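Colleague:
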Amino acid sequence: MSRFSDETLMAYADGALPPAEAAEVGAALENDAEARATVESFRSTATLARAAFADMAAEPVSDALVRTVLGTEAPAASVTNFPPARKARPPLWRSMLPLAASIALVLGLAAALFLRQPAPVLQGPVMALGPIPSGTALAEILETRPSGTPVALQERDAQGSEHLMIVATLRDRNGRICREVEALDKTMQARLAGIACRDSASRTWIVEGTARIAASSPSGGSDFVPSGAEEKDALEGLLSILGATKALPPEEEQRLIAHGWR
Amino acid sequence: MTASEPDIRHQIVALLPRLRRFALALAGTRDVADDVMQTACEKALGHLGQFTPGTRLDSWMFQIVRTTYIDHLRRNQRRRNTELTPELAESLPSDARTHEQISARADLALVRAEIARLPEEQREVLALVTIEGLSYQDAADVLGIPIGTIMSRLSRARKKLARAIDEPRTGSGPLQGAQR
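Keeping their order, the protein sequence lines are chains F and G. Each residue of the first sequence is one higher than the one before, counting from 1 in the numbering used here. Each residue of the second sequence is one higher than the one before, counting from 1001 in the numbering used here.
1) Extract the residue ranges of the alpha helix (DSSP H) inside the stretch 14-51 of chain F, only unbroken runs of 4 or more that lie entirely within it.
2) Below 8 Å on C-beta distance, what does F4(F) contact in chain G?
3) What does V66(F) reach in chain G if we use C-beta pairs closer than 8 Å?
4) For P1006(G), count the other beta carbons within 10 Å of its own beta carbon; 16 or more makes it buried, fewer makes it exposed. Which is it?
5) To the nearest angstrom, how far is the alpha carbon of L29(F) from that of A35(F)?
6) May I ask which residues mark the beginning and end of the alpha helix (DSSP H) holding L142(F)?
7) Expressed to the nearest angstrom, what Euclidean distance is found between the alpha-carbon atoms of T169(F) and L248(F)?
8) Among I1147(G), A1162(G), C1041(G), whose alpha-carbon lies nearest the alpha-carbon of A16(F)?
9) Using Cβ-Cβ distances below 8 Å, what residues of the stretch 123-157 of chain F are close to chain G?
10) Pull the bridge partners of I241(F) from the DSSP assignment, please.
11) Can you give me the Cβ contacts of G209(F) inside the same chain, cut-off strictly under 8 Å, excluding the 5 residues immediately before and after it?
12) Since F42(F) and R1021(G) are thought to touch, with beta carbons under 8 Å apart, how far apart are those beta carbons, to the nearest angstrom?
13) In three-state DSSP terms, what is H259(F)?
14) Relative to the C-alpha of T1111(G), which residue among V1125(G), S1004(G), A1162(G) is closest?
15) Note down, in chain order, each residue of its chain lying with its Cβ closer than 6 Å to the Cβ of M10(F), except the 5 sequence neighbours on either side.
16) For V1065(G), verify whether its CB is less than 7 Å away from any heavy atom of the ligand SAH.
17) Ends of the beta strand (DSSP E) at G209(F)?
18) What number of angstroms, rounded off, separates the C-alpha of T1068(G) from the C-alpha of L256(F)?
19) Would H1047(G) be called buried (16 or more neighbouring beta carbons within 10 Å of its own) or exposed?
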């Protein structure tokens, strides 16, 4: 019988313990196979439950409901103000985009016209080179979220990133899982793109490269500042160095998420 | 900074996909979830004045969706069991629990079916904390119960879920009936 309660082991698995207590539990786990199994079981139920409902937030919300909330007849005027999708998408993940379109539209309705209340500001950038500490939004999103679904951050970073979205999942030439992720601003424009790969031994994600994407025209019109191409090229270059050239199909990605990337 | 009413309306629109997922996790069927969402949004709009600017709009909305769902349950108590299970189990192959090469989609349908079988009070905690990502404390605030209760309900829910997924179910539970 473990000296820790189920609740404590669950909080440990969820990253919800205060650091001192988490360290104590972590140390005790080394000699306690039963407690380790319990922690593992709590982790896997969380991953499964999240994966089971991951697609549901990407289902389109009915126009009628949006109109009810906005108190408007038809949101046509808002829709035309939604910034058009960025052009020059690499073909590799183009197939993933429709999934994002409906939710991006609904979020865009809110974001394109109105300033949201500013969220608390993170200390550093939302995505930085190197291992990603567990428990952060980025780590959670890489581990559990499907491609194409923007996730609103509780805290924006100083560069104005307010959402994260996985764009594609790939395998590099060593079979390692890598994901391309974008940080989006409040108008759902990508500001920063990065590649993170998963170290299966330590189950941590490591950011291998990032590229800043130039902001589009502030008027929200259809003309975009045509820069940012070389930054995107840098990521493309990184992907080809890694040997990660082909996006996994959504079903494969979903299966991997459900099984903790095994 | 006080948010104007149009501001709040647009913030609610941005929350709709998550709120609907929460309703779906509670209700188990899209029909019921969409009904609950419509009523909950009307309720929220009628009481926008009661929202305290500066507090969390998502918590406030989760609360309204949950009370709306409970109202719905009370009104439809007798119908509930018969309308809950079929949609959740529809994509579940009959040999899902014994077949080695279980597909991911059926696997996840199975998880949803097991979540639907949890007691109401455990399912709502699982939906808020695990699926929607609220902290234990935020979930405690939404549900108006102590954080210790959140943790015990959540750990019981997840143990039950783990057992249900690991061990093939035998006998004649409601799921068996739904599998035809």
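We treat Cβ as the ideally placed atom computed from N, Cα and C, and that holds for glycine. Computed from a predicted structure; not experimentally measured.
Modeller: Looking at the atomic coordinates:
1) Qualifying alpha helix (DSSP H) stretches, in chain order: 19-29.
2) On the first sequence, residue 4(F) is found 4 positions in, with the first residue counted as 1. Those do not exist, as F4(F) stays about 11 Å from chain G at its closest Cβ, beyond 8 Å.
3) Walking along the first sequence from the start, residue 66(F) turns up at place 66. Correct list: V1013, L1016.
4) Counted from its first residue, the second sequence places residue 1006(G) at position 6. Result: exposed.
5) By 1-based counting over the first sequence, the position of residue 29(F) is 29. By 1-based counting over the first sequence, the position of residue 35(F) is 35. Approximately 6 Å between the Cα atoms of the pair.
6) Working through the first sequence from its first residue, we reach residue 142(F) at position 142. From DSSP, the alpha helix (DSSP H) with L142(F) extends over 137-144.
7) Taking the first sequence and counting its residues from 1, the one referred to as residue 169(F) is at position 169. Taking the first sequence and counting its residues from 1, the one referred to as residue 248(F) is at position 248. T169(F) and L248(F) have their alpha carbons spaced roughly 6 Å apart.
8) Translated into the one-based positions of the first sequence, residue 16(F) becomes position 16. Closest option to A16(F), Cα to Cα, is I1147(G).
9) For the stretch 123-157 of chain F, which is checked against every Cβ of chain G, the residues closer than 8 Å are E140, A152.
10) To locate residue 241(F), count along the first sequence from 1; it is residue 241. Answer is none; I241(F) lacks a bridge partner.
11) Working through the first sequence from its first residue, we reach residue 209(F) at position 209. Once the five neighbours on either side are set aside, the close Cβ partners of G209(F) are L129, G194, I195, A234, L235, L238.
12) Counting from one through the first sequence, the residue named residue 42(F) turns up at place 42. Counting from one through the second sequence, the residue named residue 1021(G) turns up at place 21. The pair is not a contact, with the Cβ atoms about 22 Å apart (cut-off 8 Å).
13) Residue numbering aside, residue 259(F) sits at position 259 when the first sequence is read from its first letter. Three-state DSSP puts H259(F) in coil, outside helix and strand.
14) Taking the first residue of the second sequence as position 1, residue 1111(G) is located at position 111. A small fix is needed here, since residue 1111(G) is Val in this sequence, not Thr. Of the listed residues, the one whose Cα sits closest to V1111(G) is A1162(G).
15) Position 10 of the first sequence, counted from the start, is the residue given in the question as residue 10(F). In the same chain as M10(F), and ignoring 5 residues on each side of it, the C-beta atoms closer than 6 Å to its own belong to F42, in chain order.
16) For the structure depicted, the ligand SAH is absent and the ligand set is empty, with no information on it obtainable.
17) To locate residue 209(F), count along the first sequence from 1; it is residue 209. Here the beta strand (DSSP E) through G209(F) covers 204-212.
18) Against the second sequence, residue 1068(G) aligns to sequence position 68. Against the first sequence, residue 256(F) aligns to sequence position 256. T1068(G) and L256(F) have their alpha carbons spaced roughly 35 Å apart.
19) Counted from its first residue, the second sequence places residue 1047(G) at position 47. Exposed: under 16 other Cβ atoms inside 10 Å.
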